[in-house]
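Novice: The listed protein sequences derive, respectively, from chains G and S. Quick note: the first sequence, position 249, residue 249 per our numbering, numbers continuous. Plus 343 on top of the position in the second sequence (first one is 1) and you've got our numbering. This is the structure I have questions about; it appears just below.
There are 2 protein chains.
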Amino acid sequence: MTTSVVPPMPGNTSDTAPGGDPAAIPAALVRASSLVSQPLADALRRLDPSLHEPVRHHVFGGGKHVRAGLALLSAAAAGGRAEDGIDGAVAVELVHNYSLLHDDIIDRDETRRHRPTVWARYGEGVAIVAGDALAVLAMQVLLGGQTSRHVNAAKVLADANQAMIAGQSSDMAFEDRPRVTVDECLTMERGKTGALLSAACAVGALLGGGDETTVDALASYGEHLGISFQAVDDVLGIWGEESATGKPVGSDLLARKKTLPVAVAMEADPEAANQLEQLLSQEPVQVGAATDLIERTGARDAVTAIADAHLHEALAALERVRLVDEPRTELVAVARFVTARDR
Amino acid sequence: MTTSVVPPMPGNTSDTAPGGDPAAIPAALVRASSLVSQPLADALRRLDPSLHEPVRHHVFGGGKHVRAGLALLSAAAAGGRAEDGIDGAVAVELVHNYSLLHDDIIDRDETRRHRPTVWARYGEGVAIVAGDALAVLAMQVLLGGQTSRHVNAAKVLADANQAMIAGQSSDMAFEDRPRVTVDECLTMERGKTGALLSAACAVGALLGGGDETTVDALASYGEHLGISFQAVDDVLGIWGEESATGKPVGSDLLARKKTLPVAVAMEADPEAANQLEQLLSQEPVQVGAATDLIERTGARDAVTAIADAHLHEALAALERVRLVDEPRTELVAVARFVTARDR
Chain G
1 MTTSVVPPMP GNTSDTAPGG DPAAIPAALV RASSLVSQPL ADALRRLDPS LHEPVRHHVF
61 GGGKHVRAGL ALLSAAAAGG RAEDGIDGAV AVELVHNYSL LHDDIIDRDE TRRHRPTVWA
121 RYGEGVAIVA GDALAVLAMQ VLLGGQTSRH VNAAKVLADA NQAMIAGQSS DMAFEDRPRV
181 TVDECLTMER GKTGALLSAA CAVGALLGGG DETTVDALAS YGEHLGISFQ AVDDVLGIWG
241 EESATGKPVG SDLLARKKTL PVAVAMEADP EAANQLEQLL SQEPVQVGAA TDLIERTGAR
301 DAVTAIADAH LHEALAALER VRLVDEPRTE LVAVARFVTA RDR
Chain S
344 MTTSVVPPMP GNTSDTAPGG DPAAIPAALV RASSLVSQPL ADALRRLDPS LHEPVRHHVF
404 GGGKHVRAGL ALLSAAAAGG RAEDGIDGAV AVELVHNYSL LHDDIIDRDE TRRHRPTVWA
464 RYGEGVAIVA GDALAVLAMQ VLLGGQTSRH VNAAKVLADA NQAMIAGQSS DMAFEDRPRV
524 TVDECLTMER GKTGALLSAA CAVGALLGGG DETTVDALAS YGEHLGISFQ AVDDVLGIWG
584 EESATGKPVG SDLLARKKTL PVAVAMEADP EAANQLEQLL SQEPVQVGAA TDLIERTGAR
644 DAVTAIADAH LHEALAALER VRLVDEPRTE LVAVARFVTA RDR
């Protein structure tokens, strides 16, 4: 297996072969964590010492390294070695972590992965600056690689970062708007979540030496996977248990977030749209009534169908080009894991 | 004059020739503003529409485009055309503006250039995201240029951004420390202010086709200029009038900032150090007594001497290499303007 530098571990990952339990962490992600941990720690040492503690608190506070896994698998799927994608894997994890640091401030989230967030523990200023540092470090990691592949990867990652910011900005703007369309919502989620998952794959494929068609196919896989993941996340954000999501039940509606279920419900039924607008504009938001109303419009099933459709698109993208078989199969397993509903 | 695309304007800039009134805006900066305004506006249009208003509120709220001017003059001084430096000039202005957006949140500054800051007007979330967007846009502008010079410039700017972040982080950490040494303070200010002025020159020189020695000399000019500027700013931060600084008198001490005058006073006299530590630890800070004490140690004159010494170093760096005469003379004028004490 070209990507298997770290042998599969016994026990908790023994049942994670493709086709196994989709809720168990895929072996590829476990290997990715092993491959990326040291280079990630090395990169973080380049930061100013005053930032080491808060940054490590955040970066090593858990997380499944999905984006790193996608970068490494994409490098291998494109015909390179998984190791060729390491700089890209580190860079996308850094961008992901910077976005979490800043989003936690914006959303006033005080816990993440059952621990205090950086702004809650070290103050907002530290969290802002730590996020800035990780974002720049990602570019330094890629631009420090001397190849034209690295430069191309840096461009792709910068563009994805900008798209992610656009998505985040739209998401915030939507909170102040009474309604959004399903199209607007999908565009926002394509930016907020799809862009970085897409870039993880594209960056990996570029560093692995993939040609343009291969890079595009893997980028498309990542983008659809991101939208599917986000759609599932939106369902969990309204109906998920706190034990599964790590957030209080109903927190998305409480924050007046116009996620997919809200947009779908509003488009499905003009009467429900008026009622929902009403319930979400009250102070405090009428979370229980809004949840029931959204469910009654059939939006929950409709969003689940959107998630399924984008997962299907993601998997179809993997069939459009010639990829190395083993990592392609693992990309399928990662897609099924990431979009599993019982996370 | 190779750099003069926009003719010198009559009136307020007619007396700004090198050797003229050092407080009048140098003609080179007026030309830089003209050259960079349109490309900067074009770059900003690439941002998500939801960010256009807050970003324009900030970026076009004044500012003398010192960094853009340094980039354009450095491109010309290194033997290129001023226009060769435009992408670099735009990128450094973007990085500068992103840092202001984030610093204003961190410092809770509600006004800048006599207008509300972005966080005060549009909310913290918008200011965080708008800053992130400008930082990434800077990299996109440089990586979008297809030459290896652009890639090298992107590397230099990313490194400078990280150094600036380190300086900002140290500055924040110093607020919670009773004492800092002069060396620690100078290192912090080299990062916080010197790094980006240095990068402005280096990026311009790279894009103008300068060789390594030329780039290094101009980078050194920019770094010393930055430290000199910051030392002057530190003096104004304690003794400057609100009409000149745009900030309330004594705001640096009120925030317990360990700027150069504080560090110098503490190193000059152990007895004064103890008293100063006392005055700064009280709630509220004893600004008047602390100001008098710092003045009595001779720290004000000592910091002015540090500013003069770094200005001297900056000008000496311009003599170390062969530069095009006209832009070199203008770099001297910009240095004298930026470090003038009657700003």
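Don't be surprised by glycine CBs; every beta carbon is placed ideally from N, CA and C. Keep in mind that this is a model prediction, so the values were computed, not measured.
Are the C-beta of D358/S and some C-beta of chain G separated by less than 8 Å?
Specialist: With a pLDDT of 36 at D358/S, under the threshold of 50, the modelled position of this residue cannot be trusted, and the question is left open.
Novice: Any idea what DSSP makes of T111/G, helix, strand or coil?
Specialist: In this structure, T111/G counts as strand in the three-state DSSP scheme.
Novice: Please give me, in chain order, every unbroken run of the alpha helix (DSSP H) with length at least 4 that falls completely inside the segment 580-626 of chain S.
Specialist: Taking only runs of at least 4 residues, the alpha helix (DSSP H) segments lying wholly in the segment 580-626 of chain S are 585-588, 594-597, 603-611, 613-624.
Novice: I believe R456/S touches D447/S by the beta-carbon criterion, under 8 Å. Please report the beta-carbon distance rounded to the nearest angstrom.
Specialist: Actually they do not touch by this definition, with Cβ atoms about 11 Å apart.
Novice: Nearest-angstrom Cα distance between M1/G and E326/G?
Specialist: Summary for M1/G: the model assigns pLDDT 33, below 50, so the residue's position carries little reliability, and this model does not support an answer.
Novice: Enumerate in chain order the residues of its own chain whose CB-to-CB distance from A317/G is below 8 Å, with the five nearest sequence positions on each side excluded.
Specialist: Correct list, in chain order: A217, L218, S220, Y221, H224.
Novice: Measuring only between beta-carbons, confirm whether D391/S sits less than 8 Å from chain G.
Specialist: Answer yes: the Cβ-Cβ gap between D391/S and chain G drops below 8 Å somewhere.
Novice: P116/G bridges to which residues according to DSSP?
Specialist: Its beta-bridge partners are T111/G.
Novice: Relative to the alpha-carbon of G537/S, which residue among V523/S, T524/S, L500/S, D554/S has its alpha-carbon at the smallest distance?
Specialist: The shortest C-alpha separation from G537/S is found at L500/S.
Novice: I'd like to know whether the C-beta of A195/G is nearer than 8 Å to at least one C-beta of chain S.
Specialist: Chain S contact via Cβ: absent.
Novice: By Cβ distance below 6 Å, which residues in the same chain neighbour P397/S in space, the five residues on each side in sequence not counted?
Specialist: The answer, listed in chain order, is V461, Y465, V469, A473.
Novice: Assuming L598/S and V646/S are in contact, meaning their beta carbons sit under 8 Å apart, how far apart are those beta carbons, in whole angstroms?
Specialist: A small fix is needed here, since residue 598/S is Ala in this sequence, not Leu. No, A598/S and V646/S are not in contact; Cβ-Cβ is about 18 Å, not under 8 Å.
Novice: Using a cut-off of 7 Å between C-beta atoms, extract the partners of N161/G located in chain S.
Specialist: Going along chain S in sequence order, the residues near N161/G (Cβ under 7 Å) are V479.
Novice: Would you decide whether H65/G is buried or exposed? Buried here means 16 or more other CB atoms lie within 10 Å of its CB.
Specialist: Burial call: buried.
Novice: Do you know offhand how far L549/S's Cα is from E313/G's?
Specialist: Distance between the alpha carbons of L549/S and E313/G: 44 Å.
Novice: Between which two residues does the alpha helix (DSSP H) holding S34/G run?
Specialist: It spans 27-44 - the alpha helix (DSSP H) in which S34/G sits, taken as one unbroken run.
Novice: Determine, for H372/G, whether the minimum Cβ-Cβ distance to residues of chain S falls below 8 Å.
Specialist: The structure shown does not extend to residue 372/G, since chain G spans only 1 to 343, so no value can be given for it.
Novice: Should S170/G be flagged as near chain S, meaning a C-beta pair shorter than 8 Å?
Specialist: Yes, S170/G lies at the interface with chain S (some Cβ there is under 8 Å from its Cβ).
Novice: Round the Cβ separation of A43/G and L137/G to the nearest angstrom and send it over; I've been treating them as touching at under 8 Å.
Specialist: Right, the Cβ-Cβ distance comes to about 6 Å (below 8 Å), so this counts as a contact.
Novice: What number of angstroms, rounded off, separates the C-alpha of G354/S from the C-alpha of T672/S?
Specialist: Annotation note: pLDDT 35 at G354/S (below 50); position unreliable, coordinate value reported separately. Going by the C-alpha atoms only, they are around 21 Å apart.
Novice: Suppose the cutoff is 8 Å on Cβ atoms and the five residues either side in sequence are ignored; what does the same chain contact list for D391/S look like?
Specialist: Excluding sequence neighbours, D391/S sits near A476.
Novice: So which residues on chain S does V126/G lean against when the C-beta distance must stay under 8 Å?
Specialist: S512, M515, listed in chain order.
Novice: Let's test the definition: count the other Cβ atoms within 10 Å of the Cβ of T16/G and tell me whether it reaches 16, buried, or not, exposed.
Specialist: Its pLDDT being 39, under 50, T16/G is placed unreliably by the model, and the measurement read from it follows with that caveat. So T16/G ends up on the buried side.
Novice: I need the boundaries of the alpha helix (DSSP H) containing E426/S, first residue and last residue.
Specialist: Where E426/S is concerned, there is no enclosing alpha helix (DSSP H), given that its DSSP letter is neither H nor E.
Novice: Answer yes or no: does any C-beta atom of chain S fall closer than 8 Å to that of V129/G?
Specialist: Judged by the 8 Å Cβ criterion, V129/G is in contact with chain S.
Novice: Helix or strand or just coil, what does DSSP make of F60/G?
Specialist: Of the three classes helix, strand and coil, the one that applies to F60/G here is coil, per DSSP.
Novice: Along the alpha helix (DSSP H) that carries D654/S, what are the first and last residues, could you check?
Specialist: The question names Asp, yet the displayed sequence has Leu at residue 654/S. From DSSP, the alpha helix (DSSP H) with L654/S extends over 642-662.
Novice: Quick check: the Cα distance between V379/S and A432/S, rounded to an integer number of angstroms?
Specialist: Answer to the nearest angstrom: the Cα atoms are 7 Å apart.
Novice: Would you report the Cα separation of I327/S and L674/S, rounded to the nearest angstrom?
Specialist: Nothing about residue 327/S can be read from this structure; chain S reaches only from 344 to 686.
Novice: Could you tell me whether the segment 255-273 of chain G touches the segment 295-302 of chain G, using the rule of 3 or more Cβ pairs below 8 Å?
Specialist: Result yes; three or more Cβ-Cβ pairs closer than 8 Å.
Novice: Looking at the structure shown, is T181/G part of a helix, part of a strand, or coil, going by DSSP?
Specialist: Reduced to three states, the DSSP call for T181/G is coil.
Novice: Find the residues of chain S that neighbour K155/G, judging by a C-beta separation of less than 7 Å, and give them in chain order.
Specialist: L486, listed in chain order.
Novice: Using the three-state DSSP reduction, which class does A219/G fall into: helix, strand or coil?
Specialist: A219/G falls in the helix class under three-state DSSP.
Novice: Alpha carbon to alpha carbon, how far is A244/G from I25/G? Give it in angstroms, no decimals.
Specialist: Cα to Cα, the separation comes out at about 15 Å.
Novice: In the DSSP assignment, the alpha helix (DSSP H) including T345/G goes from what residue to what residue?
Specialist: Nothing can be reported for residue 345/G: it is not among the residues displayed for chain G, which extend from 1 to 343.
Novice: Taking 7 Å as the cut-off, is the C-beta of V435/S nearer than that to any heavy atom in the ligand FAD?
Specialist: The ligand content of the structure shown is nil, which means the ligand FAD is not present either.
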